[in-house]
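Going from the sequence shown to our numbering is simple: count from 1 and add 915.
Backbone N, C-alpha and C define an ideal beta-carbon position, used for all residues, glycine too.
Since the structure is predicted, the reported quantities are computational estimates derived from the model, not experimental observations.
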Amino acid sequence: MPKTPSISKEDTLIRSVERLTATLQQTSHAHTATHGTLRRLGISFMQGMAYAFGAIAAVAIAIPLIIELLRSVEWIPILGDFLTKLVTWIEAAKVIR
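Take a look at the structure:
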């Protein structure tokens, strides 16, 4: 029977570490290629645009609803007078624009 050379545990460990190092280097290069700076910049820009659009849409819906709610509160004497003046002022500002 041919005798196989005995591989020590140290040699096995060294080879494993070398393979792990090579794999990590390949992974690093692959990550850089697929997640480059320009791509991340573009994705961040699109996320910012979507966030801004959502915020503007929410404000455009919320403000008219709040104004209508405030109009319906006229039955409270002190608050109602103030809110009536506020709504009148806001409507006058809309006409000016």
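Is the beta carbon of residue i sitting closer than 8 Å to the one on residue j?
i    : j     : result
I982 : I1005 : yes
L985 : V974  : no
Under the three-state reduction of DSSP, which class applies to residue i: helix, strand or coil?
i    : result
G995 : helix
G951 : coil
M916 : Confidence at M916 is low in this model, with a pLDDT of 48, below 50, so the placement of that residue should be treated as unreliable; the coordinate-derived value is given next. Correct three-state label for M916: coil.
S931 : helix
Using a Cβ-Cβ cut-off of 7 Å (strictly less than) and excluding sequence neighbours within five positions of residue i, which residues of its own chain qualify?
i    : result
V932 : none
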